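Some notes on the structure that comes next.
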Amino acid sequence: TSAIVCGHNSNIQKLLFRNAPRVAVSVQTKFYVVRQEVAQERAHFQFKAQESQYALPGELKDISQSGAMAELQVKQSGPQLGDVIVFKLPQAQIKEDLVAQVVGTSSAGVHALNVHLQFAGMNELNRLKLNKFIQIVENQAPAAASAPESPAPSSSPP
Numbered sequence: 006t007s008a009i010v011c012g013h014n015s016n017i018q019k020l021l022f023r024n025a026p027r028v029a030v031s032v033q034t035k036f037y038v039v040r041q042e043v044a045q046e047r048a049h050f051q052f053k054a055q056e057s058q059y060a061l062p063g064e065l066k067d068i069s070q071s072g073a074m075a076e077l078q079v080k081q082s083g084p085q086l087g088d089v090i091v092f093k094l095p096q097a098q099i100k101e102d103l104v105a106q107v108v109g110t111s112s113a114g115v116h117a118l119n120v121h122l123q124f125a126g127m128n129e130l131n132r133l134k135l136n137k138f139i140q141i142v143e144n145q146a147p148a149a150a151s152a153p154e155s156p157a158p159s160s161s162p163p
């Protein structure tokens with residue numbers, strides 16, 4: 006009989022794993038922030054852009070079926086954990102506002118903040134549209150990476 010002896014460890018960490026693969030995107034949009042104090046009053050998916058406390062310009066950097074990462078341009082403090090972000094993604098043929106909760110932030114420079122988002126209350130039709138958009142982006146990425154470079158123009162005549 007074999008035994009494994011391990012020392013006691015009180016440092017327990019949560020293992021993070023992805024439910025869906027992320028794809029890189031570059032989509033400029035406006036992000037509307039609903040502060041956590043206001044968001045707690047009702048279900049997150051019921052928010053609209055016009056109910057936000059303020060708006061920030063930014064860019065979606067990557068997206069998956071369950072969430073996204075955006076780089077927001079901030080002047081002072083930006084969104085915080087628990088805040089709700091509302092934005093549009095017409096490139097995915099989604100007409101309604103997308104609603105997501107801030108689950109993490111990290112600095113992206115002097116006036117930029119990476120905001121990690123988890124979608125909230127997305128209906129099945131919009132989830133299907135988002136999935137189709139992600140598949141299109143995934144299929145375009147390998148084609149762009151494997152496309153041969155065009156030869157540099159020569160300055161001398163043939």
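Heads up: the sequence shown runs through residues 6 to 163, numbered per the numbering used here. We put the CB at the ideal spot given by N, CA and C, even for glycine. Just so it is clear, the structure is predicted and the values come from calculations on it, not from any experiment.
What does the Cβ neighbour count give for Ile-90, buried or exposed, with the cut at 16 atoms within 10 Å?
Ile-90 should be labelled buried.
Got a sec, what are the start and stop residues for the beta strand (DSSP E) Asn-119 sits in?
Segment 117-124, the beta strand (DSSP E) holding Asn-119.
Taking the alpha-carbon of Phe-52 as reference, which of Arg-40, Leu-61, Lys-134 has the nearest alpha-carbon?
Among Arg-40, Leu-61, Lys-134, the Cα nearest to that of Phe-52 belongs to Arg-40.
Check the C-beta distance from Ile-141 over to Gln-70 and give it rounded, since I have them as a contact under 8 angstroms.
Wrong, their Cβ atoms sit about 14 angstroms apart, outside the cutoff.
Would you kindly check if the distance between the Cβ of Leu-61 and the Cβ of Gln-81 is under 8 angstroms?
Cβ distance not < 8 angstroms, so Gln-81 and Leu-61 don't count as in contact.
State the DSSP-derived secondary structure class of Gln-70, mapped to helix, strand or coil.
Three-state result, Gln-70: coil.
Nearest-angstrom Cα distance between Leu-130 and Ala-113?
Going from the Cα of Leu-130 to the Cα of Ala-113 covers about 33 angstroms.
Mind reading off the beta-carbon distance from Gln-106 to Ala-125? Whole number of angstroms is fine, and I expect it under 8 angstroms.
Yes, they are in contact, since the Cβ atoms of Gln-106 and Ala-125 sit about 5 angstroms apart, within 8 angstroms.
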